[in-house]
Amino acid sequence: MAPVPSSFQATSTSAAPASTADSAPGTTYTGDITHYSPGLGSCGWTSSSSDAIVAIAHGIMDNGANPNANPLCGQYITISYQGSTHQAKVVDTCPGCEDAAIDLSPSLFEAVAPNGDGRVHGVEWWFNSS
-5 MAPVPSSFQA TSTSAAPAST ADSAPGTTYT GDITHYSPGL GSCGWTSSSS DAIVAIAHGI
55 MDNGANPNAN PLCGQYITIS YQGSTHQAKV VDTCPGCEDA AIDLSPSLFE AVAPNGDGRV
115 HGVEWWFNSS
């Protein structure tokens, strides 16, 4: 399991599904969301702006020697904000994201935070069970 820096705001909650082996089971991450222009991601897949995809903060993604072999690639997460939830596929690493921040495709960002100005604070997310 990859170490989680102490600056992460992560809480254990029974409402969160069990997560992958590379993330702490039952961990809900709280961080900012931003959006980016997808293309060829660190997982080796090409995505478009209309796909429900995310790039995970570099500290959590921890790509190692071959980012295409990262076990988090292809995993799904649930994003929860202001009473709505959305599913997204992990396809990329966000090198500029700190702590538990995630970068979303433009269409997913609009679905999660329709009134967001490019950065939204206090969004919860977790890895879905496999």
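Residue numbers (the working numbering): -5 to 124. Note that CB positions come from ideal geometry on N, CA and C, so glycine has one too. Small disclaimer: the values here were computed from a predicted structure and weren't measured.
Pull up the distance between the alpha-carbon of residue 107 and that of residue 63, whole angstroms please.
31 angstroms
Within a Cβ cutoff of 6 angstroms, which residues of the same chain sit near residue 85, ignoring the five residues on either side of it in sequence?
35, 37, 39, 41, 47
Would you list the one or two residues that DSSP bridges to residue 48?
84, 98
Between the C-alpha atoms of residue 120 and residue 66, what's the straight-line distance to the nearest angstrom?
12 angstroms
I need the DSSP call for residue 77, collapsed to helix, strand or coil.
coil
Buried or exposed (CB count within 10 angstroms, at least 16 for buried), residue 78
exposed
Would residue 94 be called buried (16 or more neighbouring beta carbons within 10 Å of its own) or exposed?
buried
Where does the unbroken beta strand (DSSP E) through residue 118 begin, and where does it stop?
113 to 121
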